[in-house]
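S.K.: Using the UniProt record's numbering, you'd call the opening residue of the sequence shown number 1 and step up by one each time. Even glycine gets a Cβ: it sits at the ideal position worked out from N, Cα and C. One structure, pasted below without further comment.
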Amino acid sequence: MSRYAEVYAAWKADPEGFWKTAAAAIDWTRYWDAVFDPADGPYGRWFKGATTNTAWNCLDRHVAAGHGERTALIYDSPITGRKARYSYAELTAEVTALAAVLADHGVGKGDRVIVYMPMIPQAVMAMLACARIGAIHSVVFGGFAARELATRIDDAKPKVIVAASCGIEPNRLVAYKPLLDEAIAASEHKPSSVLVFQRPQVQAALQPGRDFDLADAMETARGRPVPCVPVEATDPCYILYTSGTTGQPKGVVRDTGGHMAALAWSMKAIYDIEPGEVFWAASDVGWVVGHSYIVYAPLLIGATTVVYEGKPVGTPDAGAFWRMVEEYRISALFTAPTAFRAIKKEDPEGVLIGRYDLSSLRTLFLAGERADPDTVKWAEDKLKVPVVDHWWQTETGWAIAANPVGLGMLPVKHGSPTVPMPGYAVEILDDAGHPVPAGKLGNIVVKLPLPPSCLPTLWNADERFVRSYLEEFPGYYKTADAGFMDEDGYLFIMSRTDDIINVAGHRLSTGAMEEVLASHPAVAECAVIGVHDALKGQAPCGFVVLKAGVTTPRAEIEKELVKLVRDKIGPVAAFKLAITVDRLPKTRSGKILRGTMRQIADGETYRMPATIDDPAILDEIRDAVTGRLADA
C-alpha cells in the first residue's frame with residue numbers, strides 16, 4: 001500500500017514541521033531562526049537565518065563519513081569514446097582545485113560565474129566549485145548563440161566565465177571560444193577572467209591577460225585546501241535562465257538551503273534511490289533536470305550520478321541507453337518522453353532492448369513535456385518496469401506532481417503524472433480565478449507559499465517575478481500549464497495555456513488531440529497547433545512523424561488521423577488537417593517548439609529560438625505547410 005496519502009496529510013497538517021524533518025538530511029553550520037518567514041520576499045523564504053554549504057553536503061561529508069572510495073560520478077562519451085569514473089574523494093579533490101583557481105581569479109561569496117560547457121565532468125566540477133566558495137553559478141549551454149549568451153552576461157554580471165574549447169555533436173564540432181569572444185564583445189559587462197578547458201579536438205586561442213588554461217591552473221592549485229564557505233540558506237546557489245516572452249531572459253533563482261532539503265527528500269520518496277546506487281538523468285546540465293538530478297540530488301544522498309555525452313539514437317544506434325544501463329548497472333533512468341519517441345521511431349519493435357541485460361533497472365521516469373499514453377505503454381511493454389510520468393518546471397526545481405515510488409506506487413493512470421507532492425497544494429481555476437469541477441479543463445495553479453527549492457524570485461527582478469507568476473491569480477503561483485484534476489485527485493497536464501486553442505468559441509486542448517494522434521500505430525511523435533482561421537478564429541493542425549519502416553502512403557495515414565481525431569474528440573474539434581513531416585523542431589532538451597510552428601503556419605515573423613536543436617528544421621516545417629493550409 002502506498003504511504004502517499006499519509007505523508008501528504010502530514011505535510012498539510014504541519015508544513016513547517018514536515019520540512020524541518022526533511023531538512024535533517026542536510027548538514028547545517030547554523031540552524032534557522034524560522035523554518036519559513038512569510039515576510040521575506042514576494043511570498044516568503046525557507047530556513048531563514050540558517051547557514052550551510054552545498055559542496056560540503058554533496059562531497060566532503062561523504063568522504064568524512066568513510067565513503068570516499070564510493071563512485072560519485074561516471075562519465076561516458078560515445079561521441080569521443082572516452083569514459084571515466086570519479087570516487088567521492090577524487091571528485092572532492094578536483095572540485096577543490098577548481099575552487100582554488102576561481103578564488104585566485106578573485107571569485108568570492110556572492111560573485112557570479114557563468115559556466116559555458118558541454119556534458120563533461122568539468123561542468124559538474126565548476127558548478128560545485130562555485131558552491132564551495134559561496135559563488136553563484138549560471139550554466140549556459142555550451143554552443144549557445146553569442147547574442148543570447150551576451151544577454152545572460154549582462155544580466156548576471158559574472159566575474160569569471162568557465163568554458164570549454166568545444167562541444168562535440170554526432171556529426172560536427174562546435175567551437176565555443178569564438179562564440180564566447182563574440183558574446184563578450186557584444187556585452188556591456190566584461191568578465192575579468194575566462195578559464196578555458198582545452199579539449200583535444202579543439203585548442204582555442206587564448207587572449208593574453210584575460211584567458212587562462214583551466215587544466216594547467218587546476219594542476220598548479222591541486223592539493224591546496226579550500227574550505228567550504230558557509231552561506232545563508234536564503235542565498236542563491238545558482239541562476240538558471242529561462243526564455244521570457246519579451247525576449248529578455250528570466251533568471252530563475254535557486255536558494256541554497258531549501259534546494260538541498262527538497263532534493264534530498266525527493267531522491268528517496270519519489271525516485272526510491274539509496275546511497276551507492278546508480279541514478280542516471282539523461283539530460284544536460286544546461287537544463288534544470290541536469291542541475292537537480294545530474295549534479296545535486298544524487299550527490300546529496302551519496303548515490304552515483306552519470307554524465308553522458310551522447311544521444312538516445314545515433315550514438316551509435318537506438319540501443320545507446322540500454323548499453324549504458326547494462327554497463328553501469330543503473331537502477332533508475334530519468335529522461336524526456338521525446339527521447340523515448342526517438343527510440344521508438346528507430347526501433348519500434350524494441351529489438352535492441354533484448355540485446356542488453358537490463359536486470360538492474362527498476363524504474364523509468366519521464367518528464368520535460370507531456371508523456372503521451374502511447375509512448376508510456378510502449379516503454380512499459382518493452383522494458384517490463386514501472387514507467388513514472390512526473391511533472392515539474394524550471395521554476396520549481398523538482399516534481400510538482402509524481403507517482404512517489406519510494407512511498408509505494410499509486411495505481412497508474414496513463415496520461416497523468418499522478419498526484420501533487422507534499423508542498424504543492426494544486427488547484428484548477430478558470431480564467432476568472434474560480435475553482436472548476438473535477439474533469440474540467442482550467443489553469444493549473446499552486447497555492448502559496450511554494451515549497452522549498454522553488455524559485456523565491458527572479459534575479460534582480462522581484463516586480464517581474466510577481467507580474468509573471470503571482471499577479472494573475474492572487475494567492476497562487478501560475479504554472480502557465482492547463483489541465484484538469486479527476487475525482488481521485490489525479491492531475492492531467494494537457495498543454496501550456498498558450499496552447500489552448502479557441503475553435504468557434506470552444507476551448508480545446510492540443511494535448512488531447514496529440515494523445516489521439518499518438519495512438520495511431522504508424523505515428524512515432526506528433527504536435528498539434530492552432531492556426532488562424534477567418535471563420536472559427538483558430539483551427540487545429542497536426543504534424544506527425546512516422547515510425548521507421550512504415551510503408552503505407554502518407555496521404556492515406558493523414559486521412560486516417562483526421563478520422564481518428566473526429567471519432568475520439570468529435571466534430572467540435574474541427575480537425576481537418578494532418579501533415580506528415582520527417583522531424584519536428586525541438587529545443588535541446590526535447591521540447592517541441594509549438595509556438596514557433598504556429599507563427600510559421602500563420603505567416604508571422606518569428607525570432608529564432610535560442611535553444612533550438614537544429615534551425616534547418618524550421619525551413620522544413622515552412623515547406624510542409626506551404627499550400628496545405630490554403631488548400632484546407
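1. Quick one: using the 10 Å Cβ neighbour count with 16 as the cut-off for buried, is V113 buried or exposed?
2. Three-state secondary structure (DSSP) at H520?
3. From A332, S453, A336, pick the residue whose C-alpha is nearest to that of R362; which is it?
4. Where do the ends of the alpha helix (DSSP H) carrying Y328 lie?
5. In the DSSP assignment, what residue or residues form a beta bridge with L361?
6. Can you give the Cα-Cα distance for A22 and A261, rounded to whole angstroms?
7. Between G142 and A164, how many whole angstroms is the CB-CB distance? I'm expecting something under 8 Å.
8. What's the gap between the Cα of R341 and the Cα of W32?
9. Quick one, are the C-beta atoms of I621 and P571 less than 8 Å apart?
10. When the Cα atoms are used, what is the spatial distance from Y403 to D389?
11. Helix or strand or just coil, what does DSSP make of residue 635?
12. Can you tell me the Cβ-Cβ gap for F473 and L429, rounded? I've got them flagged as a contact below 8 Å.
13. Would you list the one or two residues that DSSP bridges to W46?
14. Which one of I592, R594, C454 has the shortest CA to CA distance from W46?
15. In this structure, what does DSSP give as the bridge partners for E525?
16. Measure the Cβ-Cβ separation of A336 and E369 and say whether it is below 8 Å.
17. Among Y424, L593, A145, which one has its Cα closest to the Cα of P452?
18. By the three-class DSSP mapping on this structure, what secondary structure does E620 have?
19. Does T220 pass the burial test, meaning 16 or more other C-beta atoms within 10 Å, or should it be called exposed?
20. Check each candidate in G302, E395, A371, P78 and name the one with the smallest Cα separation from V412.
21. Beta carbon of P170: closer than 7 Å to some heavy atom of the ligand FAD?
22. Check whether the segment 344-355 touches the segment 288-299, taking contact to mean three or more Cβ pairs, one atom from each stretch, closer than 8 Å.
23. Which stretch, first to last residue, makes up the beta strand (DSSP E) that contains L173?
24. Kindly indicate which residue of Q599, L535, W378 has the alpha-carbon position closest to the one of E525.
25. Starting from residue 633 and walking both ways along the beta strand (DSSP E), at which residues does that stretch end?
26. For V214 and V196, which I take to be in contact (beta-carbon distance under 8 Å), what is that distance rounded to the nearest angstrom?
27. The alpha helix (DSSP H) that contains D211, what's its start and end?
28. According to DSSP, is P417 part of a helix, a strand, or is it coil?
29. Can you tell me which residues form a DSSP beta bridge with A402?
30. May I have the straight-line CA-CA distance separating E6 from Q538, to the nearest angstrom?
31. Measure the CB-CB distance between D111 and K190 and report whether it falls below 8 Å.
32. To the nearest angstrom, report how far apart I168 and A89 are at their CA atoms.
33. Which runs of the beta strand (DSSP E) spanning at least 3 residues fall entirely within the segment 469-513, listed in chain order?
34. Helix or strand or just coil, what does DSSP make of P121?
35. Could you please give the first and the last residue of the uninterrupted alpha helix (DSSP H) stretch that includes P615?
36. Is the beta carbon of M494 less than 8 Å from the beta carbon of A522?
M.R.: The short version:
1. A residue is called buried when at least 16 other Cβ atoms come within 10 angstroms of its Cβ; V113 meets this threshold and is buried.
2. The answer is coil: DSSP assigns H520 none of H, G, I, E or B.
3. When only C-alpha atoms are compared, the closest one is A332.
4. Where Y328 is concerned, the enclosing alpha helix (DSSP H) stretches over 320-328.
5. DSSP lists no partner for L361.
6. Distance between the alpha carbons of A22 and A261 is about 6 Å.
7. About 6 Å separates the beta carbons of G142 and A164, which is inside the 8 Å limit, making them a contact pair.
8. C-alpha separation (whole angstroms): 46 Å.
9. Not a contact, by the Cβ cut-off of 8 Å.
10. The sequence given here places Asn at residue 403; Tyr does not occur at that position. CA-CA distance, N403 to D389, rounds to 7 Å.
11. Because the chain spans 1 through 632 in this model, residue 635 falls outside it and cannot be assessed.
12. Yes, F473 and L429 are in contact; Cβ-Cβ is about 6 Å, under 8 Å.
13. BP columns for W46 point to F36.
14. For the residues I592, R594, C454, the minimum Cα distance to W46 belongs to C454.
15. For E525, DSSP records a beta bridge to V545.
16. Between A336 and E369, the C-beta spacing is below 8 Å.
17. Out of Y424, L593, A145, Y424 has the C-alpha closest to the C-alpha of P452.
18. In the structure shown, E620 falls within a helical segment according to DSSP collapsed to helix, strand and coil.
19. Burial call: exposed.
20. Closest by alpha carbon: A371.
21. As far as ligands go, the structure on display features none, and thus does not contain the ligand FAD.
22. No contact exists between the segment 344-355 and the segment 288-299.
23. L173 -> beta strand (DSSP E) spans 172-175.
24. Comparing alpha-carbon positions, the option among Q599, L535, W378 lying closest to E525 turns out to be W378.
25. Any question about residue 633 goes unanswered here, given that the chain covers just 1 to 632.
26. The sequence shown places Leu at residue 214, rather than the Val named in the question. Contact annotation, L214 with V196: C-beta distance approximately 6 Å; criterion of less than 8 Å satisfied.
27. Careful: D211 lies outside any alpha helix (DSSP H), inside the beta strand (DSSP E) at 211-213.
28. Note: P417 maps to coil in three-state DSSP.
29. A402 pairs with V419.
30. Those two C-alpha atoms are separated by around 45 Å.
31. No, Cβ-Cβ distance for D111 and K190 is not below 8 Å.
32. The alpha-carbon of I168 is positioned some 29 Å away from that of A89.
33. As far as the segment 469-513 is concerned, its whole beta strand (DSSP E) runs of at least 3 residues are 476-485, 491-496, 500-503, 506-509.
34. In this structure, P121 counts as helix in the three-state DSSP scheme.
35. No alpha helix (DSSP H) holds P615; DSSP gives it neither H nor E.
36. Taking the C-beta atoms as reference points, A522 is found no nearer than 8 Å to M494.
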